[in-house]
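Everything below concerns the one structure shown next.
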DNA sequence: TGCCCCCTGCAG
DNA sequence: CTGCAGGGGGCA
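Numbering (our numbering), first residue to last: 143 to 445.
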C-alpha cells in the first residue's frame with residue numbers, strides 16, 4: 143500500500159523514535175513474514191534508518207541490517223513503554239493516536255488502533271530498550287529480513303531499483319529517453335516500473351498524470367519532450383505533497399505514532415470516481431482498469 | 001512486457 | 001457472494 147510518501151513518513155517517524163535504542167529481542171508470531179536469522183540482530187543498537195524506493199533499511203551496529211517492505215498493508219508502529227521491556231496494558235497505544243482516530247471518525251472496524259499491541263495482525267515485533275516496534279501486516283505480503291549490511295543492497299528487491307525521484311539524475315531528458323524505449327507501453331505502466339524510477343505507486347501515478355495533463359492510457363510513443371518535462375515536475379510535486387501530509391490513509395497506512403496521514407483529503411483524482419474534477423473544467427473523474435489496476439483521470443483535463 | 005498469484009477483509 | 005485493495009515476483 144505504502145508508496146514513497148508513506149514509506150518516507152514511516153522512516154522519518156522511526157528515526158525520531160528508535161535510533162539509539164537497542165534491539166533486546168525479536169518476536170516472530172508469523173514465521174513466513176521473517177527472513178534470515180533474528181539472533182544476528184538481537185543485542186545490537188539501531189544506528190540509522192533510511193529508505194530506498196518503497197523499501198526500508200534499518201542499519202544496526204556490528205554491520206548488521208534489518209530490511210522491511212510494507213507491500214500493501216504493512217505498518218511499523220512504535221509504542222514507547224515507561225519501563226521498557228514487554229508491553230503492558232498500560233503501555234497500550236499512545237493516547238493521541240486513539241484521539242486522532244476518534245476525532246477523524248475514520249477508524250476501520252478492524253483497525254488495529256482500537257486495540258493494544260501486539261494485535262492479531264502483528265507478524266513481527268521488536269522489543270527495544272525503551273519500547274516496542276510492531277510490524278503489522280493484514281495481508282502478509284510484506285517482509286522483514288535480517289542481513290549483513292554488505293548484503294543489504296544485494297537483496298533482490300533493492301538491487302533492481304532505478305533512480306530516486308528526488309535524485310538530480312531524475313530529469314526530463316532522462317525520463318523522455320526511457321519512455322521512448324517503451325513505445326508500446328502505456329505511460330502509467332512506465333512510471334510504475336520500479337526499475338526505472340522508484341517509489342511511485344498506484345495513487346501517486348494517477349495524481350502525477352493528472353497534474354501533467356496526460357492520460358494514463360497514452361502510449362510511450364506519443365509522449366513528447368514537453369510532456370516528459372511536465373511529468374517530472376508533477377511527480378516531484380505530488381510526492382512532496384504526500385510527504386508534507388504524512389501520506390495517504392485511505393486504508394491501512396499509519397505513522398509510527400499510530401496516526402493517519404492526511405493526503406486523502408488533497409487527492410485530485412485517485413479514489414474520486416464520479417466526483418467533480420478539481421480543475422476548472424467541470425468534468426467528472428473517470429475510473430478505468432489499466433494494467434490490472436484501478437486508474438483515475440479527468441477525461442477533460444487529461445489528453 | 002503482461003498476467004496470475006501471494007493473503008485478508010471490506011464494500012457493494 | 002464477488003470484486004477489489006498504496007506491491008511486486010515468477011511465469012510464459
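Think of the CB as a built atom: it goes at the ideal place given N, C-alpha and C, for glycine as much as any other residue.
Less than 8 Å between C-beta atoms, sequence neighbours within five positions excluded: which residues of the same chain meet that for residue 307?
Your numbering for residue 307 matches position 165 in the first chain. The residues are 146, 339, 340, 341, 342, 377, 378, 381.
Counting C-beta neighbours from all protein chains within 10 Å, is the total for residue 205 16 or more, i.e. buried, or is it exposed?
Along the first chain, read from residue 1 onward, the residue named residue 205 stands at position 63. With fewer than 16 Cβ atoms within 10 Å of its Cβ, residue 205 is classed as exposed.
Give the DSSP-derived three-state secondary structure of residue 282 in the structure shown.
Taking the first residue of the first chain as position 1, residue 282 is located at position 140. It is coil, neither helix nor strand.
Just verifying my parser: in three-state terms, what is the DSSP assignment at residue 219?
By one-based count along the first chain, residue 219 stands at place 77. Strand at residue 219.
Below 9 Å between beta carbons: does that hold for residue 443 and residue 428?
On the first chain, residue 443 is found 301 positions in, with the first residue counted as 1. On the first chain, residue 428 is found 286 positions in, with the first residue counted as 1. Taking 9 Å as the Cβ cut-off, residue 443 and residue 428 do not qualify as a contacting pair.
Is the segment 359 to 373 in contact with the segment 388 to 402, if contact means three or more CB pairs nearer than 8 Å?
These segments do not touch.
Is the distance from the Cβ of residue 277 to the Cβ of residue 221 below 9 Å?
On the first chain, residue 277 is found 135 positions in, with the first residue counted as 1. On the first chain, residue 221 is found 79 positions in, with the first residue counted as 1. Against a cut-off of 9 Å, the Cβ pair of residue 221 and residue 277 comes out as no contact.
Taking only three categories from DSSP, how would you classify residue 174?
As a first step, residue 174 is located in the first chain; it is residue number 32 there, counting from the start. Residue 174: helix per DSSP, three-state reduction.
Could you pull out every residue in the same chain whose Cβ sits closer than 7 Å to the Cβ of residue 414, ignoring the five residues on either side in sequence?
Numbered from its first residue, the first chain carries residue 414 at position 272. Excluding sequence neighbours, residue 414 sits near 427, 438.
Shortest alpha-carbon distance to residue 328 belongs to which of 320, 316, 301, 362?
Taking the first residue of the first chain as 1, we reach residue 328 at position 186. It is 362 whose Cα lies nearest to the Cα of residue 328.
Could you check how far apart the C-beta atoms of residue 385 and residue 151 are, in whole angstroms? I think they sit under 8 Å.
As a first step, residue 385 is located in the first chain; it is residue number 243 there, counting from the start. As a first step, residue 151 is located in the first chain; it is residue number 9 there, counting from the start. Going by Cβ atoms, the distance from residue 385 to residue 151 rounds to 7 Å, so yes, they are a contact pair.
At what residues does the beta strand (DSSP E) containing residue 191 begin and finish?
Residue mapping note: residue 191 aligns to position 49 of the first chain, counting from 1. 188 to 194 is the span of the beta strand (DSSP E), which, as asked, contains residue 191.
Run the CB neighbour count on residue 393, radius 10 Å, all protein chains shown included, and call it buried at 16 or more, exposed below.
Residue mapping note: residue 393 aligns to position 251 of the first chain, counting from 1. With fewer than 16 Cβ atoms within 10 Å of its Cβ, residue 393 is classed as exposed.
Taking the CB atoms as reference points, tell me whether residue 202 and residue 189 lie closer together than 9 Å.
Residue numbering aside, residue 202 sits at position 60 when the first chain is read from its first letter. Residue numbering aside, residue 189 sits at position 47 when the first chain is read from its first letter. Yes. Within cutoff.
Is residue 384 helix, strand or coil by DSSP?
Residue numbering aside, residue 384 sits at position 242 when the first chain is read from its first letter. Note: residue 384 maps to helix in three-state DSSP.
If you draw a straight line from the C-alpha of residue 162 to the C-alpha of residue 187, how long is it?
Working through the first chain from its first residue, we reach residue 162 at position 20. Working through the first chain from its first residue, we reach residue 187 at position 45. If I take the Cα positions, the gap works out to 6 Å.
If I measure Cβ to Cβ from residue 461 and keep anything under 6 Å in the same chain, skipping five residues before and after, which residues do I get?
This structure gives no information on residue 461, because the portion of the chain shown stretches from 143 to 445.
Where does residue 168 sit, in a helix, a strand or coil, going by DSSP?
For the purposes of this step, residue 168 is taken as residue 26 along the first chain, with counting starting at 1. Looking at residue 168 - three-state DSSP - the assignment turns out to be strand.
Here's a check: name, in chain order, each residue in its chain whose Cβ is nearer than 6 Å to the Cβ of residue 149, leaving out the five neighbours to either side.
The residue labelled residue 149 in the question sits at position 7 within the first chain. Closer than 6 Å at Cβ, skipping near neighbours: 193, 196.
Can you grab the Cα-Cα spacing for the pair residue 281 / residue 168, in whole Å?
Mapped onto the first chain, residue 281 falls at position 139. Mapped onto the first chain, residue 168 falls at position 26. When rounded, the distance between both Cα atoms is 21 Å.
What does the alpha-carbon distance come out to for the pair residue 270 and residue 288?
Against the first chain, residue 270 aligns to sequence position 128. Against the first chain, residue 288 aligns to sequence position 146. So the alpha carbons of these two residues sit roughly 16 Å apart.
Pull up the distance between the alpha-carbon of residue 177 and that of residue 156, whole angstroms please.
Sequence index remark: in the first chain, residue 177 carries index 35 (1-based). Sequence index remark: in the first chain, residue 156 carries index 14 (1-based). Roughly 21 Å between the two C-alpha positions.
State buried or exposed for residue 319, treating a residue as buried only when at least 16 other CB atoms are found within 10 Å of its CB.
What you label residue 319 is simply residue 177 of the first chain in a count that begins at 1. Per the 10 Å Cβ criterion, exposed.
Taking the beta strand (DSSP E) that residue 150 belongs to, which residues open and close that run?
Within the first chain, residue 150 is the residue found at index 8, counting from 1. Counting along the chain, residue 150 falls outside any beta strand (DSSP E), though it belongs to the alpha helix (DSSP H) covering 146 to 160.
Check the C-beta distance from residue 212 over to residue 275 and give it rounded, since I have them as a contact under 8 Å.
As a position in the first chain, residue 212 is number 70, starting the count at 1. As a position in the first chain, residue 275 is number 133, starting the count at 1. Not quite, the Cβ-Cβ distance comes to about 13 Å (not below 8 Å), so this is no contact.
Could you tell me which of 397, 374, 330, 263 sits nearest to residue 305, measuring between CA atoms?
Indexing the first chain from 1 puts residue 305 at position 163. Ranking 397, 374, 330, 263 by Cα distance to residue 305 puts 374 first.
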